[in-house]
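*Asks:* Please see the structure below; I have some questions.
Protein chains: 2
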Amino acid sequence: MLLGVRWVLRTQNYKCIVKCVLMQQQRQQQQQFYAHKHNFSMAQIIDGKAIAAEIRAELRKDVEAFKATGHREPHLTAILVGNDQASETYVRMKMNAAQDVGISSETRRLPATTSEHELLDIIDTLNKDESVDGILVQLPVPDHMNERKVCNAIVCEKDVDGFNVFNVGRMCLDMKSMIPATPLGVIELLKRAGIDTFGKNAVVVGRSKNVSMPIAMLMHADGRNETGAMDATVTICHRFTPPKELAKYCSMADIIITATGVPGLITKEMVKPGACVIDVGITRITDPNTGKTKLVGDVDFEEVRQVAGYITPVPGGVGPMTVAMLMHNTFTAAKNLAKINKS
Amino acid sequence: MLLGVRWVLRTQNYKCIVKCVLMQQQRQQQQQFYAHKHNFSMAQIIDGKAIAAEIRAELRKDVEAFKATGHREPHLTAILVGNDQASETYVRMKMNAAQDVGISSETRRLPATTSEHELLDIIDTLNKDESVDGILVQLPVPDHMNERKVCNAIVCEKDVDGFNVFNVGRMCLDMKSMIPATPLGVIELLKRAGIDTFGKNAVVVGRSKNVSMPIAMLMHADGRNETGAMDATVTICHRFTPPKELAKYCSMADIIITATGVPGLITKEMVKPGACVIDVGITRITDPNTGKTKLVGDVDFEEVRQVAGYITPVPGGVGPMTVAMLMHNTFTAAKNLAKINKS
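From first to last, the protein sequence lines are chains A and B.
Letter by letter, the first sequence follows residues 548 to 890 of this note's numbering.
Letter by letter, the second sequence follows residues 548 to 890 of this note's numbering.
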C-alpha cells in the first residue's frame, strides 16, 4: 500500500498525499490498538455472496444426483401480483438462482386488480399440481387481499417461504418444517462462518414475524431438537426498546443480528470488541452528494468493522443467502414430495 | 407486632424473646435501608389466589349471563390416561374450578395401557360432540403415545390448553388463538397487578414450549396486535445460559419470569431493587428436618422479597391463575362455538 502511495507521490499534489499517508497511519494505529488490546484487527467480513455461491454449487450437485435417480427436475412457481419494482427484482433473482441450480421455474404474473378469490383459486390449482414442488407468493400482496389468508392457502409441503401458520407453529415447537429463507440464511451464515453460539449472548433487533421472530426462535432454542437451533441466550429488542437499553444489550452481545430497516442504527459504541454482527437490514437511500441511490443495512459498516470480530456487508451479506436458502427449501420440498408420491 | 412480643415476654423464656426482638429490629432496619435507599420496603406480594378468585367470580357472572340468553352450560371434558398422582390432583382442581364458575365437566379416565389409536378415537368423538366445548388431555401421556400427535388431534376450537400446533402458530403470529393457560395467567397477573411492561426489560428464564416460549412471545410482541402483548424487551435465558450471564441479565430486568423447576435459582443478588418477580416454577421438596414435603418455586422467596418491588409466592401465585385461565379458555370456546353453530 505504502509503495503505491509513494508512486502516486511523484505525480500528485504533495499536500493531499501527506494527508492520505497520515490518515493511513492513523488507521493503522487504530487497528494496532485493537490488535493489541483485543488480539484482533479489523473485523473479518462474512462474505454472504461467496457462502451463497458455495451452497448453490452444493445444491446443483445434489439436484443433479436427484435427477440421475429418475426424478423429474424440481419445480418452483412464483406468483407476482401487481407491478411493484422491488418485487419484480426479487422474483427475477429467485428465478435466476433456480435456473443456476437446476430447478425449473415459472413466474405467474397477475394484474394488481386480481381478486383474492382468484388468487386463492390459482394457489389451489398449484397445490394439486403434481409437477409443482414449491409455491411462493411474492409479498406484499395488494391491499385488498388478506396476506395471512394467502400465506395459509399454500399447502405446507410446497410452502417454500415457510409463512403458512402450520409451518410457523412447527418451527416454534422445534419441529422439522419449512423455515423462512432469510432466518435460515442467517443461521447458515453463522454455522458456515464458524461462529460459536452455544451459551453465548445474542441480540435480535426487530420482531417482524417473517424475519426477526424466526431468527430469535432459532437462536435461543434447543440444538438437540429437530430444528438444530443455536442454544444462545437471546434478547429481543424492538422499536419500543429505549435507545440506551438497546445499546446496553448490544454491548453485552457476542452476536448481534439486526433486521429493522433503520440505516445506521447499530454504531461502533454499541458493539463489543470481537462480536459478530449480522446485518439483515436493507434500505435504499439516496446519496445527497451524487443523487445516486444505494443499498445500506442497519449497521454503520465502516465504523463497526473496526470493533467487531465478524461482520456481514450490505449488499453481499444476508441477501444472497435468502435466495440460496429458498432454493434449498424448494429442493427439500421436491425430495419430500417425491417420497410422499412413492409411498 | 411488638405488643404481641411483649405479651409473650410475660409467659416465655427471656433469652429467646430477646433474640426474637433483636431479629425483628434487624429486619426492620434492613427494610428501612431499602425504604431509604430505594424508596420502598418489602416487596408487595402479588396474591395469585385472590386475583384468580376475582377472575373466577367474573367468569361465574359471565357464564350465568350466557346461560340466561338461552345457551346451554359450557362443558369441559378432561382426559386422564394412567394413574399419575400429580395429574390426578391437577385434574381434580380443574374440575372443582369448573363447577365453581358454572361450567359442567367430566373426567374420562383411561387405563395406562390405552393405545394411542384408542385415545385419538376418543378425541375424535369429542371433537364432533356438540355438547362439548373444551377438551384437554392431562399431560404427560404414557411413553408409548406421541404427545404432539395427541395435542394436534384436538380441534383448535376446543383446544383449551392451546397446545395444538395451529394455535401455537397463530399465537406466535400475534393472532387471536387459544393461549396456554399458564402463560395467559402470567400475563393476566401482570396486568391486574398494574405492572408496567411497555419498553421495560424482562427476562424469561426457561424455554419450554408450553410455558416459557409462549410467555416470551407474549412479553415481547406488539401490543397493537390481536394478542394484546406486552411490548417489553425480552431476554430468554435457559439451561445453557452461564450462571454469571443469567445473573447479569436478571439484574438489568424490571420483570423476571422464571419457569425452570430449579428451587432457589433466583437469589436476592440477582434482582434489581423494585423489580417484579413472577415465579412459575413449582417443585415438591422434602424438608430434611421434618421429613415433610412442601411446594417451592424457583425464587428464594424470603430473600428476594427484601429487594423486589413485587413478587408472587409459591404456592398461591401463578398456580391458581393457570386454573382460572383454563376456565376462561373454556368459556371462550363455548362462546365461539355458540357463534359458529348459530351462523
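Backbone N, C-alpha and C define an ideal beta-carbon position, used for all residues, glycine too.
The structure presented is a predicted model; accordingly, all values stated were derived computationally and were not measured.
What would DSSP say about B:GLN579, mapped onto helix, strand or coil?
*Replies:* Low local confidence applies: a pLDDT of 44 at B:GLN579 is under 50, so the model's placement there is unreliable, and no value is given.
*Asks:* Alpha carbon to alpha carbon, how far is A:VAL846 from A:PRO658?
*Replies:* Roughly 37 Å between the two C-alpha positions.
*Asks:* Quick check on the DSSP output: what are the complete beta strand (DSSP E) runs of length 3 or more inside the stretch 660 to 728 of chain A, in order along the chain?
*Replies:* Entirely contained in the stretch 660 to 728 of chain A, the beta strand (DSSP E) runs reaching 3 residues are, in chain order, 681 to 684.
*Asks:* Name the one or two DSSP bridge partners that B:THR654 has.
*Replies:* B:ALA625, per the DSSP bridge assignment.
*Asks:* Could you name the residues of the same chain whose beta carbon sits closer than 7 Å to that of A:PRO761, not counting the 5 residues immediately before and after it, in chain order?
*Replies:* Cβ within range, chain order: MET718, ILE726, PRO727 and PRO730.
*Asks:* What do you reckon, are the CB atoms on B:SER652 and B:ALA645 nearer than 8 Å?
*Replies:* Yes.
*Asks:* Which runs of the alpha helix (DSSP H) fall wholly inside the stretch 782 to 839 of chain A and span at least 4 residues, in chain order?
*Replies:* Runs of the alpha helix (DSSP H) inside the stretch 782 to 839 of chain A: 790 to 799.
*Asks:* Cutting at 6 Å between CB atoms, please list the residues of its own chain near B:LYS815, excluding the five before and the five after it.
*Replies:* Counting only Cβ-Cβ distances below 6 Å, and skipping sequence neighbours, we find GLU850, VAL851 and VAL854.
*Asks:* Pull up the distance between the alpha-carbon of B:MET868 and that of A:ALA776, whole angstroms please.
*Replies:* Taking the straight line joining both Cα atoms gives about 32 Å.
*Asks:* If we ignore side chains and look at the alpha-carbon of each, how far apart do B:ARG656 and A:SER755 end up?
*Replies:* Computed Cα separation, rounded: 43 Å.
*Asks:* Within its chain, find whatever has a CB closer than 6 Å to the CB of B:GLY753; leave out the 5 residues flanking it on each side and keep chain order.
*Replies:* If we look at B:GLY753 and ignore the five residues flanking it on each side, its Cβ neighbours are SER759, ALA806 and THR807.
*Asks:* Between A:VAL818 and A:ILE803, how many whole angstroms is the CB-CB distance? I'm expecting something under 8 Å.
*Replies:* The Cβ separation is near 7 Å, so the contact holds.
*Asks:* Residues in the same chain with beta-carbon distance under 8 Å from A:LYS839, minus the five sequence neighbours each way, listed in chain order, please.
*Replies:* For A:LYS839, where only same-chain residues beyond five positions count, the Cβ hits under 8 Å are THR833.
*Asks:* Report the residue from A:THR830, A:ILE887, A:PHE787 and A:CYS823 whose alpha carbon sits nearest the alpha carbon of A:ILE858.
*Replies:* It is A:CYS823.
*Asks:* Under three-state DSSP, which class holds B:ASN748?
*Replies:* Correct three-state label for B:ASN748: strand.
*Asks:* I'd like to know if B:GLY775 contacts chain A, where contact means its C-beta is closer than 8 Å to some C-beta of that chain.
*Replies:* Output row for B:GLY775: interface = no.
*Asks:* Does B:VAL843 come out as helix, strand or coil in the three-state DSSP assignment?
*Replies:* In this structure, B:VAL843 counts as strand in the three-state DSSP scheme.
*Asks:* With a threshold of 16 other CB atoms inside 10 Å of the CB of B:ASP668, please say whether the residue is buried or exposed.
*Replies:* By the 10 Å Cβ count, B:ASP668 comes out exposed.
*Asks:* Check whether the stretch 762 to 776 of chain B touches the stretch 705 to 721 of chain B, counting contact only when three or more Cβ pairs, one atom from each stretch, lie closer than 8 Å.
*Replies:* With the cut-off at 8 Å, the stretch 762 to 776 of chain B and the stretch 705 to 721 of chain B touch.
*Asks:* With 8 Å set as the bound, which would you pick, yes or no: does the beta-carbon of A:LEU667 sit closer than that to a beta-carbon of chain B?
*Replies:* False, the Cβ-Cβ gap to chain B never drops below 8 Å.
*Asks:* Is any beta-carbon of chain B found at less than 8 Å from that of A:GLY746?
*Replies:* Yes - at least one Cβ of chain B is within 8 Å of the one on A:GLY746.
*Asks:* What's the C-alpha gap between B:ILE887 and B:GLY709?
*Replies:* Those two C-alpha atoms are separated by around 19 Å.
*Asks:* Is B:ASN876 close to chain A, meaning its C-beta is less than 8 Å from at least one C-beta of that chain?
*Replies:* It does not; no Cβ of chain A falls within 8 Å.
*Asks:* Can you tell me whether DSSP reads B:GLN591 as helix, strand or coil?
*Replies:* Looking at B:GLN591 - three-state DSSP - the assignment turns out to be strand.
*Asks:* Taking Cβ to Cβ, would you say A:ASP680 is nearer than 8 Å to A:PRO621?
*Replies:* A contact, by the Cβ cut-off of 8 Å.
*Asks:* How is A:ILE742 classed by DSSP in three states: helix, strand or coil?
*Replies:* Coil.
*Asks:* Who are the neighbours of A:GLU694 on chain B, taking C-beta pairs under 7 Å?
*Replies:* Residues of chain B passing the Cβ test: none, with the nearest at roughly 11 Å.
*Asks:* Who are the neighbours of A:PRO789 on chain B, taking C-beta pairs under 7 Å?
*Replies:* Correct list: GLY746.
*Asks:* Look up A:ALA885 in the DSSP assignment and say whether it is helix, strand or coil.
*Replies:* In this structure, A:ALA885 counts as helix in the three-state DSSP scheme.
*Asks:* Straight-line CA distance for A:ARG619 to A:LEU884?
*Replies:* Taking the straight line joining both Cα atoms gives about 11 Å.
*Asks:* Going by DSSP, name the residue or residues bridged to B:THR780.
*Replies:* In DSSP, B:THR780 forms a bridge with B:ASN748.
*Asks:* Within 8 Å (strictly less), CB to CB, does A:THR780 reach chain B?
*Replies:* Yes - at least one Cβ of chain B is within 8 Å of the one on A:THR780.
*Asks:* Since B:ILE858 sits in a beta bridge, which residues does DSSP pair it with?
*Replies:* B:ILE858 is bridged to B:ILE592 and B:VAL824.
*Asks:* Going along chain A, which residues have a C-beta under 7 Å from B:GLU954?
*Replies:* What the structure shows of chain B is the stretch from 548 to 890, and residue 954 of chain B is not part of that stretch, so it cannot be assessed.
*Asks:* By Cβ distance below 8 Å, which residues in the same chain neighbour A:GLY863 in space, the five residues on each side in sequence not counted?
*Replies:* Once the five neighbours on either side are set aside, the close Cβ partners of A:GLY863 are ASP594, GLY595 and LYS596.
*Asks:* Note down, in chain order, every chain B residue with its Cβ under 7 Å from the Cβ of A:ALA768.
*Replies:* ARG754, listed in chain order.
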